[in-house]
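A.B. asks: First the structure, then my questions, so here it is.
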Amino acid sequence: MTDQNPNAYPPAPPAAYTPYPTQKSGTNVLAIIALVGAFVFPLAGVICGHIALSQIKRSGESGRGLAIAGLIIGYVYIAFIVLFVIMAIVGGVIAASQGYSSYSY
506 MTDQNPNAYP PAPPAAYTPY PTQKSGTNVL AIIALVGAFV FPLAGVICGH
556 IALSQIKRSG ESGRGLAIAG LIIGYVYIAF IVLFVIMAIV GGVIAASQGY
606 SSYSY
């Protein structure tokens, strides 16, 4: 006689069993967008870089270096833009303060 209980649980799966395939997908798309976006629109590069790092940490995808490069380039580009705007404003104020008194007719 066999001991078959219809209410018994099925045997436990092996320890390495996962119900879904755990394939590592390729490079994170937002990391690529962060690197490219840092050159075109630096704010988009910074935002996409932060989101990509979060996704990479959670999913284990590759592309961490691309995301970090996008962040660094984006931040440096933004710093240069801010510095240029400040210098343009200061230059404009200095030029305006000179007035027309230095011109002799």
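If you read the sequence shown in my numbering, its first letter stands for residue 506, the second for the next number, and so on. Idealized CB from N, CA, C, for every residue including glycine.
Can you list the alpha helix (DSSP H) stretches of 4 or more residues lying completely in the segment 542-608, in chain order?
C.D. replies: 547-564 and 569-603
A.B. asks: Kindly indicate which residue of LEU548, ALA557 and PRO547 has the alpha-carbon position closest to the one of VAL534.
C.D. replies: The shortest Cα separation from VAL534 among LEU548, ALA557 and PRO547 belongs to ALA557.
A.B. asks: Leaving aside the five residues before and after GLY542 along the sequence, list all residues of the same chain whose C-beta is less than 8 Å from its C-beta, in chain order.
C.D. replies: ALA549, GLY550, CYS553, GLY575 and GLY579
A.B. asks: Compute the Euclidean distance between the alpha carbons of LEU488 and GLN603, then round it to the nearest angstrom.
C.D. replies: Any question about residue 488 goes unanswered here, given that the chain covers just 506 to 610.
A.B. asks: Measure the C-alpha to C-alpha separation of ILE573 and PRO547 and round it to an integer number of angstroms.
C.D. replies: 13 Å
A.B. asks: Is it buried or exposed, GLY568, if we count other Cβ atoms within 10 angstroms and call 16 or more buried?
C.D. replies: Burial call: buried.
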